[in-house]
Amino acid sequence: MKVIIPLAGKGSRMRPHTHTKAKPLLHIAGRPMMSYILDEVMKLKPTGIYFATGHLKEQVEAYINKNYDFNAVFIEQKVKDGTAGAINMFKDVADDEPILIIFVDTLFDCDMSILTDLREDGILWAKEVEDYQRFGVMVTDKNGILTKIVEKPTEPVSKLANIGLYYIKNPKVMFECIKELYDKNMKTKGEYYLTDAFQMMVEKGQKLKVVEVEGWYDCGKPETTLETSRVMLQKREDALKKKKLDPITGGKNATIENSVIIPPCAIEEGVVVKDSIIGPYVSIASGTKIERSVLADSMISADAELKNVVCTHSIIGEGAKVERSPKKLNVGDHSELDLS
């Protein structure tokens, strides 16, 4: 099996943080978002992992090459012509091996063991949602086989939201359909959509099974990223407790003085916390210094400095300096905020 991971997007809904940091490298519960995906991918022992890169591609490539020992293939998507365009860059690697496609805007819990005995031509994973109007949804027959994909429906034709995780047994058929999209200039909202290629596959007789994931955690915008952070922090704490490890202990060379840490929290190496109350649901990246502050439900990036800050539901960028803040913040990298 080969794996294709598109990473070319700018992450515009996560600005200002994605002006200076590639979105897949934003930390969620003490780890880069991308690490959750790659760690699961490695368990599948793929024969090749291919990345469609773009915005801040040097950061992504450096992180992967430093932290993983597989031979990654990076291709820059210079023409941003849609999700089908990102996948189409890898048409030359298509052979008889299946392809797993993963978009990293979200994290998910799903059982990949079902791939072993799959009889259908592929799987599109989905999650049932109430606000179906916000998503592309998948309509199925009584056997769970895809019949059509509807983008942001106004009527509840389906509540199974497309989460951006796909397994295709015969990728040559998929690439033939993508080629047909280009040949016929079949665009949706000015772009070539991968889901339109899937629709074409269905019309050509391919049976694509729709499978619901156990959990789906959105990292597309600040408020949903904070929600995902809460989930992953709780999962982290549960895992540490299962191993009988202290979930409150900070990372290597972390200093916690005269402070209260309310779990779940993730405190990375080199963090200094003094005279503060931290938690619940706070992640603090490496090298950050916090003094005389009260933080809850927040994500603090690396090398930030916070003094006399009381805030919740906040995201503080890398190297930011904040003093005497209001209760809620969204501060980008290397910013300075002093309300004294």
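For the sequence shown, the working numbering assigns the number 189 to the initial residue and increments by one for each residue that follows. Ideal Cβ positions, reconstructed from N, Cα and C, are used throughout, including at glycine. A quick note: this is a predicted structure, and the numbers were derived from the prediction, not measured.
Asked, Found
"Around the Cβ of L232, are there at least 16 other Cβ atoms within 10 angstroms (buried) or fewer (exposed)?", "exposed"
"Evaluate S301 with the Cβ neighbour count: other Cβ atoms within 10 Å of its Cβ, from every protein chain shown; 16 or more gives buried, anything less gives exposed.", "exposed"
"Closer than 6 Å by C-beta to V338: which residues in its own chain qualify, once you throw out the five before and the five after it? Chain order, please.", "V325 and V345"
"Helix, strand or coil: how does DSSP classify D491 here?", "coil"
"I'd like the ranges of any alpha helix (DSSP H) spanning at least 4 consecutive residues and lying wholly in the region 292–378.", "359–371"
"Less than 7 Å between C-beta atoms, sequence neighbours within five positions excluded: which residues of the same chain meet that for Q321?", "K340, P341 and T342"
"Which same chain residues, not among the five before or five after E379, have their C-beta less than 7 Å away from its C-beta?", "D269 and G270"
"Which residue wins for smallest C-alpha separation from T304, given the options I356, G408 and N331?", "I356"
"Please classify N331 as buried or exposed, where buried requires at least 16 other C-beta atoms within 10 Å of its C-beta.", "exposed"
"Is the beta carbon of A490 sitting closer than 9 Å to the one on H243?", "no"
"Is it the case that the Cβ atoms of V461 and G475 are separated by a distance below 9 Å?", "no"
"Report the residue from I193, M189 and K209 whose alpha carbon sits nearest the alpha carbon of G507.", "K209"
"Compute the Euclidean distance between the alpha carbons of P234 and N259, then round it to the nearest angstrom.", "11 Å"
"Let me know the secondary structure DSSP gives I193 once reduced to three states.", "strand"
"Taking DSSP's pairing of strands, which residues face V470 in a bridge?", "C453 and S486"
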